[in-house]
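In this note's numbering, the protein residues as written are 42 to 486. Glycine included, every Cβ here is placed at the ideal spot set by N, Cα and C. For clarity, every value in this text was computed on a predicted model and none was experimentally measured.
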C-alpha cells in the first residue's frame with residue numbers, strides 16, 4: 042500500500058510540474074497526473090480509462106448544470122448594472138463614513154452570482170469615486186470590496202469553487218450556503234474591514250484621474266430591491282429545501298415536501314432565478330431576446346473551463362478510490378492523529394501556494410479528502426465545514442503565480458511590494474480566519 046501512496050504523491054508532483062514548468066493547461070495536467078498515478082498504483086490500462094470515465098461522469102452530472110446556470114444568471118445581473126446599483130444604494134444609505142462597510146457588503150452579495158474578476162472590474166469606478174470624495178487611501182475601500190468578493194467566491198454557492206468541492210465531498214449545497222455565510226461574516230470583518238483600515242493608513246493610494254464615476258457611466262440602473270430579491274430567490278429556495286430535508290422545518294404533507302424538494306433543488310432554483318432575471322432585468326428593461334442570448338452565451342466560456350477542470354478533479358478523486366489509496370490514507374491520518382479538517386486545509390494550502398490557482402487547489406484537496414469520508418457518519422454541517430476549510434486553504438497567500446495578484450495590482454496602481462503588503466496579506470488573513478471559523482462550526486454541527 043506504500044507503493045500506492047507513493048504513486049499518488051508522484052501524480053501530485055507531476056501535476057505541479059506540468060502546470061508550473063511546462064505550462065500545460067490544468068485540465069490536461071490533471072488528467073495526465075491521474076492516469077499516471079493510476080498506472081503506477083497498479084491499475085491496468087483499461088481500468089485507468091474506465092476510472093477516467095467514471096470520475097468525469099459522476100462529477101459533471103451535477104457540477105456542469107449548476108455552474109452553467111449560475112454563470113448565465115450572473116451574466117444577466119452584470120449586464121443590467123445591478124452590481125453598481127447595489128453599491129451606490131449602500132453608499133448613499135450608509136454615508137461616505139461607513140462606505141468601507143458598504144463596499145464589503147456589496148462584494149459579499151455581488152459575488153454570489155457574478156465571477157470575482159468581473160465583479161471587481163465592474164465596481165472599480167465606484168471605489169475610485171469614493172477615494173476622490175474622501176481623500177483617503179484607495180485601499181480603505183478596495184480591501185473591503187476585495188475581501189467580500191473573495192470570501193463569497195470561495196465560500197458560498199452557486200459560485201463554482203464551493204459547488205465543485207461540495208459535490209466531490211457529497212455535501213448539501215444548502216448546508217454549504219449556511220456554513221459559508223456563518224464563517225464568512227467574521228472572516229469579512231477581520232480580513233476586509235479591520236485589515237483594510239490598518240493597511241490604508243500605511244499605504245496611501247490615489248485613484249487614477251482618467252476614469253469617471255460608475256454612476257456617470259450608467260444612469261439607468263435597476264431598482265436595488267429587485268436586484269436583492271432576484272439574488273435571494275435561489276438561495277432561499279435551496280436553504281428551504283435543506284431545512285425541510287433535515288427536519289428543521291416540518292411539513293405534514295408528503296406532496297408539500299416533494300414540491301419543496303423539487304423547487305429547492307439547485308437545478309430548479311437556478312432555472313427559476315434565470316427566468317425571472319431574463320424577464321425582469323432583461324426584457325422588462327428593454328433588452329432584446331438576442332441581446333440576452335448573446336450575453337448568456339458568452340458567459341459559458343469561463344464556465345466551460347471551470348466545468349472541465351472540475352471533471353478532471355473528479356477523475357483524480359476516483360483514482361484514489363479505485364486504487365484503495367483513500368482508505369489507506371485515512372488509516373495513516375488516524376494513526377498520526379491529524380484531524381481530517383486540518384488535513385483538508387493543509388492540502389489546499391500547499392497546492393495553492395505552489396501553483397497559484399485557487400480552483401486547482403480546491404479540486405485537488407477535495408480529491409484527496411473525498412475518499413477519506415467513505416463509510417463515515419458525517420452530518421450535513423460537518424461536510425459543509427470541510428468544504429469551507431478547503432476553500433479557506435485554497436484562498437491563502439495570493440502572490441505572483443496567481444492572476445488575481447496582477448489584476449489587483451494593475452487596477453489599484455500598486456507596486457509589487459504594496460500588492461504583497463495589502464492583497465497577499467488580506468488573502469492570508471482571509472484563509473486563517475476562515476479556517477478557524479470552519480473548525481468551530483465543524484465542532485458545533
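Residue i classed as buried or exposed, judged by whether at least 16 other C-beta atoms fall within 10 angstroms
| i | result |
| --- | --- |
| residue 213 | buried |
| residue 241 | buried |
| residue 342 | exposed |
| residue 332 | exposed |
| residue 129 | buried |
| residue 443 | buried |
| residue 257 | In this prediction, residue 257 has a pLDDT of 45, which is less than 50 and means its spatial position is unreliable; what the coordinates show is noted afterwards. Residue 257 is exposed by the Cβ-count criterion. |
| residue 484 | exposed |
| residue 136 | exposed |
| residue 44 | exposed |
| residue 157 | buried |
| residue 169 | buried |
| residue 245 | exposed |
Spatially closest choice to residue i from the options, by CA coordinates
| i | options | result |
| --- | --- | --- |
| residue 142 | 219, 235, 158 | 235 |
| residue 19 | 179, 95, 118, 346 | The requested residue 19 is not part of the displayed model; the chain covers only 42 to 486. |
| residue 116 | 424, 221, 272 | 272 |
| residue 476 | 263, 229, 157 | 229 |
| residue 363 | 63, 53, 55, 88 | 88 |
| residue 127 | 459, 262, 224, 418 | 262 |
| residue 308 | 67, 112, 74 | 112 |
| residue 147 | 183, 412, 179 | 183 |
| residue 227 | 470, 485, 486, 483 | 470 |
| residue 100 | 415, 350, 64 | 350 |
| residue 450 | 125, 153, 187, 44 | 187 |
| residue 277 | 397, 181, 96, 216 | 216 |
| residue 519 | 346, 318, 414 | The shown model of the chain, from 42 to 486, leaves out residue 519, and the question about it has no answer. |
| residue 400 | 50, 55, 67 | 67 |
| residue 145 | 233, 95, 199 | 233 |
| residue 355 | 465, 94, 50 | 94 |
| residue 417 | 193, 139, 211, 75 | 211 |
| residue 299 | 286, 310, 311 | 286 |
| residue 412 | 385, 125, 339 | 385 |
| residue 152 | 125, 139, 460, 133 | 125 |
| residue 12 | 457, 424, 181 | The requested residue 12 does not occur in the structure, where the chain is confined to residues 42 to 486. |
| residue 310 | 98, 83, 114 | 114 |
| residue 270 | 453, 154, 414, 459 | 154 |
| residue 248 | 482, 479, 452 | 452 |
| residue 198 | 454, 480, 429 | 429 |
Contact test: residue i Cβ vs the ligand NAP heavy atom, cutoff 8 Å
| i | result |
| --- | --- |
| residue 81 | By its list of ligands, the structure shown contains no ligand whatsoever, and the ligand NAP lies outside what it can speak to. |
Exercise. Should the stretch 207-221 be called in touch with the stretch 405-420, which here means at least 3 C-beta pairs below 8 Å?
Worked result: yes
For this session: Mind the definition here: the stretch 419-436 touches the stretch 374-394 only if three or more C-beta pairs lie below 8 Å; say whether that holds.
Result: yes
For this session: Mind listing, in chain order, the continuous alpha helix (DSSP H) runs of no fewer than 4 residues lying wholly within the stretch 345-416?
Result: 366-377, 381-396, 399-410
Problem set entry | Given 8 Å, three or more beta-carbon pairs between the stretch 316-333 and the stretch 372-383 | no
For this session: Quick one: which unbroken alpha helix (DSSP H) runs of 4-plus residues sit fully inside the stretch 111-168? Chain order, please.
Result: 123-135, 140-151
For this session: Inspect the CB distances between the stretch 273-282 and the stretch 296-306 and report whether three or more fall short of 8 Å.
Result: yes
Problem set entry | 4 or more residues per run - each alpha helix (DSSP H) lying fully within the stretch 273-314 | 295-304
Exercise. Enumerated in chain order, which unbroken segments of the alpha helix (DSSP H) with a length of 4 residues or greater are wholly contained in the stretch 427-483?
Worked result: 444-453, 457-460
For this session: List in chain order: all unbroken alpha helix (DSSP H) runs of 4+ residues lying wholly within the stretch 175-224.
Result: 180-196, 201-210
Problem set entry | Meets three-Cβ-pair contact criterion under 8 Å: the stretch 78-88 and the stretch 47-55 | By the Cβ rule, the stretch 78-88 counts as touching the stretch 47-55, because three or more pairs are nearer than 8 Å.
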